[in-house]
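Numbering (the UniProt record's numbering), first residue to last: 1 to 394. Glycine included, C-beta positions come from ideal geometry on N, C-alpha and C. Owing to the predicted nature of the structure, the values given are computational and were not obtained by experimental measurement. Contents: one structure, followed by commentary.
Spelled out as structure tokens, the structure:
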């Protein structure tokens, strides 16, 4: 698995290279190995755990790495991060979790050995949950940009996140379906083995029923399944008006295609993972609604500056994982500067004391926990594009 160590003292051409090219550079010795590298005592080491391989690498790896580069480069180009009476360069340690929980834990242990003072990531709940358990036991501050399952932070002091949590977005989409779309009969199909899918499905079902709706079918499958026709046929027999799919993009694409093939005409509704679907799936799910962590159409000045810098650097629009990762670094830097001490307990206290943060992904408000109060964005697929529909305040 990749072990990437980057020293960024300014903007370099290396930052613009795709991830695989960076790995090739590492293989021929152009980047320092972690084992042979020695801490000079001056730099601040921050670990990034991203999914650079696996089915979701395009949506849970590249954007995170790009945004991490931006955040670190901006600090280093300004002379470093001022903590107390000293200014420190920032070193970024990047690890690939391969979208596997065991691998995520393993590379986090590597980051501890390499003396990272904090962890950004992992992006997905199924990997963030075990890493959060480890980080909490080690008293290592961790900020996940996009993991939304409540279990990530539940009962923990050292774990924080940038995203809203699944009970909020599940409730938002259930109320939206019932009240805005006037849906009275809904079905759900979800991966029962995945914490994210399972949790979001349960929150949706509970709130939809509380709002006066009926769940006419609730079907499950296990991670790795690709044929969903039996479940979908049972759903079709129940005649729902809407089908909620709180799953990951590769599965959603197959489910939508198979649903249409067997004649399901119900409206599709989804969670925040839907923003990472490919264009072909956009077209097949015309009219579908889903919740999103971020939209470039809901902006503050920080958002505008971030989008402009990101586009100038990478020649593309940032996605939600990029915006949220950028904010994770921003929160960490603020905590370090406020506390004036680069130690785990000081960082934890600094993060816990932040009550409001105006970030690239919007306004975050913390009320004594690691979970921010944050708006959800409802998007709709129209003419092959995901377009802004409305913002739902917490």
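Counting along the chain, where does the beta strand (DSSP E) carrying residue i start and finish?
| i | result |
| --- | --- |
| residue 380 | 376 to 382 |
| residue 302 | Residue 302 -> not in any beta strand (DSSP E); alpha helix (DSSP H) instead, spanning 301 to 314. |
| residue 49 | 44 to 50 |
| residue 115 | It is not in any beta strand (DSSP E) - residue 115 carries neither H nor E in the DSSP assignment. |
| residue 219 | 214 to 221 |
| residue 158 | Looking at the DSSP string, residue 158 is not in any beta strand (DSSP E), and its letter there is neither H nor E. |
| residue 386 | 385 to 392 |
| residue 269 | 267 to 270 |
| residue 191 | 185 to 191 |
| residue 359 | 356 to 359 |
| residue 366 | 362 to 366 |
| residue 293 | Looking at the DSSP string, residue 293 is not in any beta strand (DSSP E), and its letter there is neither H nor E. |
Taking the beta carbon of residue i as the centre, do at least 16 other beta carbons fall within 10 Å, making it buried, or is it exposed?
| i | result |
| --- | --- |
| residue 87 | exposed |
| residue 393 | exposed |
| residue 171 | buried |
| residue 374 | buried |
| residue 79 | exposed |
| residue 225 | exposed |
| residue 40 | Residue placement at residue 40 is flagged as unreliable, the pLDDT there being 38, under the threshold of 50; the coordinate-derived value follows with that caveat. Its Cβ having fewer than 16 others within 10 Å, residue 40 is exposed. |
| residue 207 | buried |
| residue 197 | buried |
| residue 265 | exposed |
| residue 64 | buried |
| residue 121 | buried |
| residue 387 | exposed |
| residue 271 | buried |
| residue 348 | buried |
| residue 137 | exposed |
| residue 95 | buried |
| residue 276 | buried |
| residue 262 | exposed |
| residue 368 | exposed |
| residue 192 | exposed |
| residue 365 | exposed |
| residue 335 | buried |
| residue 42 | exposed |
Excluding sequence positions up to five away, which residues of its chain have a Cβ less than 6 Å from the Cβ of residue i?
| i | result |
| --- | --- |
| residue 383 | none |
| residue 47 | 93, 111, 116, 119 |
| residue 56 | 99 |
| residue 319 | 63 |
| residue 314 | 66 |
State the CB to CB distance for the pair residue i and residue j, rounded to an integer number of angstroms; the pair is presumed to be in contact (CB under 8 Å).
| i | j | result |
| --- | --- | --- |
| residue 330 | residue 339 | Not really, about 15 Å apart at Cβ, beyond 8 Å. |
| residue 211 | residue 178 | 4 Å |
| residue 162 | residue 143 | 7 Å |
| residue 187 | residue 238 | 6 Å |
| residue 295 | residue 181 | With a Cβ gap of about 19 Å, residue 295 and residue 181 do not count as contacting. |
| residue 141 | residue 344 | 6 Å |
| residue 289 | residue 168 | Actually they do not touch by this definition, with Cβ atoms about 16 Å apart. |
| residue 173 | residue 269 | 6 Å |
| residue 410 | residue 260 | With the chain covering 1 to 394 only, the question about residue 410 has no answer from this structure. |
| residue 159 | residue 370 | 5 Å |
| residue 287 | residue 381 | 6 Å |
| residue 134 | residue 333 | With 8 Å as the limit, residue 134 and residue 333 do not qualify as a contact, their Cβ atoms being about 23 Å apart. |
| residue 232 | residue 258 | 6 Å |
| residue 123 | residue 51 | 6 Å |
| residue 321 | residue 145 | 6 Å |
Check for me: the alpha helix (DSSP H) holding residue i runs from which residue to which?
| i | result |
| --- | --- |
| residue 95 | Premise fails: residue 95 lies in the beta strand (DSSP E), 90 to 96, not in any alpha helix (DSSP H). |
| residue 338 | 320 to 339 |
| residue 81 | Premise fails: residue 81 lies in the beta strand (DSSP E), 81 to 83, not in any alpha helix (DSSP H). |
| residue 287 | From DSSP, residue 287 is part of no alpha helix (DSSP H); its letter is neither H nor E. |
| residue 133 | 125 to 138 |
| residue 229 | 229 to 238 |
| residue 346 | 344 to 353 |
| residue 176 | Where residue 176 is concerned, there is no enclosing alpha helix (DSSP H), given that its DSSP letter is neither H nor E. |
| residue 317 | Where residue 317 is concerned, there is no enclosing alpha helix (DSSP H), given that its DSSP letter is neither H nor E. |
| residue 252 | 249 to 261 |
| residue 70 | 62 to 77 |
| residue 200 | 195 to 210 |
Tell me which same chain residues have a C-beta within less than 7 Å of the C-beta of residue i, skipping the five on either side of it?
| i | result |
| --- | --- |
| residue 18 | Residue confidence is low: residue 18 scores 44 on pLDDT, short of 50, so the model does not pin down where it sits. Its coordinate-derived value is still stated next. None. |
| residue 214 | 184, 185 |
| residue 125 | 147, 148, 149, 152, 195, 196 |
| residue 190 | 197, 198, 201, 220, 246, 247 |
| residue 205 | 188, 215, 218 |
Note down, in chain order, each residue of its chain lying with its Cβ closer than 8 Å to the Cβ of residue i, except the 5 sequence neighbours on either side.
| i | result |
| --- | --- |
| residue 234 | 217, 219 |
| residue 299 | 307 |
| residue 317 | 296, 307, 310, 311 |
| residue 240 | 185, 186, 187, 216, 217, 266 |
Using a Cβ distance threshold of 8 Å, determine whether the segment 357 to 365 contacts the segment 147 to 154, with at least three qualifying pairs required. no
How do the segment 190 to 204 and the segment 242 to 252 stand: do at least 3 beta-carbon pairs fall below 8 Å, yes or no? yes
Do the segment 100 to 107 and the segment 130 to 146 meet, that is, are 3 or more Cβ pairs less than 8 Å apart? yes
I want to know whether the segment 67 to 77 touches the segment 319 to 329 - three or more CB-CB distances under 8 Å. yes
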